[in-house]
Amino acid sequence: DVSYAEGYERESNDTNPALLEEAVQLAADSDVAVIFAGLPDSFESEGYDRQHMRMPDCQNELIDEICKVQENVIVVLHNGSPVEMPWNDKVSAVLEVYLCGEATGEATTDILFGKANPCGKLAETIPMKLSDTPCYLTFPGDRHAEYNEGVFVGYRYYDKKEMAVRYPF
C-alpha cells in the first residue's frame, strides 16, 4: 500500500501547519516515509546565482518532524546544485536525483524498490555548508570569478584543506 500526503506547498518557504500535520500522521502510521524535497524555482533557476545553499524552511521542518515519528526516512532530492542537509544524520538514506528529466519517476521507483542500484560517483563535492566553499569570501564579487584556491578547485580544495564534506566527489 502506498499513501501520499503533500507535506508542504511547493513554491513556499513557510510551513503550512495542516499539510505538515497530515504528513507527519501518515508517516507515523507507515513502515517507511519517502520525502520528495528540493529546490523550487523561487530558490534556483537560470539567470541568477543562489544567495545560500538552504532548502525551503517548510521542507527542512517536514523532514525534522517526520524523523521524530518514523525511523525509516528516505529523502529524494530534486535540485540543480548542492543543498545544506541539517537533517542528514537523522534519515536512513538520501537519493540525489538532481534535475533528471522525464524519466525521473520510473528511475526513482526502480531505485526505491531495489530494481536498480544507484551507483557511480557524484559530479561534484557536496559541502556541509556554504561557508565551507572556496567562493564564500568573495561572493557576490564584481562579476569576475576569482579562483584564489589556484589549481585546487572542486574536490581538490577540500582534499588540500583536509575538510570534512557532506558527500565527496
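According to our numbering, the sequence shown is numbered sequentially starting from 287. Yeah, the Cβ is synthetic: ideal placement off N, Cα and C, and Gly gets one too.
Judged by beta-carbon spacing, E351 lies within the 8 Å limit of V310, meaning their Cβ atoms are closer than that value. Residue pairing by DSSP places L381 opposite V362 in a beta bridge. Beta-bridge annotation (DSSP): Y433 is not paired with any residue.
Within the DSSP bridge table, the entry for Y453 names I412 as partners. G324: member of the beta strand (DSSP E) spanning 319 to 324, first to last residue. L398 carries a helical assignment under DSSP once its states are collapsed to helix, strand and coil.
Within 10 angstroms of the beta-carbon of A389 lie fewer than 16 other beta-carbons, which makes it exposed. A residue is called buried when at least 16 other Cβ atoms come within 10 angstroms of its Cβ; L385 does not meet this threshold and is exposed.
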